[in-house]
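Numbering-wise (our numbering), the sequence shown opens with residue 34 and increments by one. By construction, the Cβ of each residue, glycine as well, lies at the ideal position given by its N, Cα and C atoms. Given the structure is predicted, the values throughout are model-derived calculations rather than measurements. The block underneath contains the structure these notes are about, expressed in structure tokens.
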Amino acid sequence: MFYVLGSTRPEYNQKVNVLVLLAPVCYLQNVPPPLKVVIQYSPIIHNLATSLHAQEDKPLVKKTQW
34 MFYVLGSTRP EYNQKVNVLV LLAPVCYLQN VPPPLKVVIQ YSPIIHNLAT SLHAQEDKPL
94 VKKTQW
């Protein structure tokens with residue numbers, strides 16, 4: 034819940050001193066095969082993106098305004 038609030042309403046980030054998360058965000062057990070390949074090669078993809086200075090992509094859709 035806080036991930037969504039913190040990303041969509043950044044003004045609330047200043048009000049949170051400590052955030053303790055005890056559960057995983059997601060499980061990667063039943064992922065489709067193309068995603069498994071991306072996960073397997075993610076360190077290589079990260080190194081390539083870092084060397085090309087392309088660590089962040091532009092969003093595909095416009096940001097939602099509240």
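Distance CB(residue i)-CB(residue j) smaller than 9 Å
| i | j | result |
| --- | --- | --- |
| Tyr-36 | Val-58 | yes |
| Asn-46 | Gly-39 | yes |
| Ile-72 | Val-64 | yes |
Residue nearest to residue i in terms of C-alpha spacing, selected from the options
| i | options | result |
| --- | --- | --- |
| Leu-52 | Pro-65, Arg-42, Ile-72, Met-34 | Met-34 |
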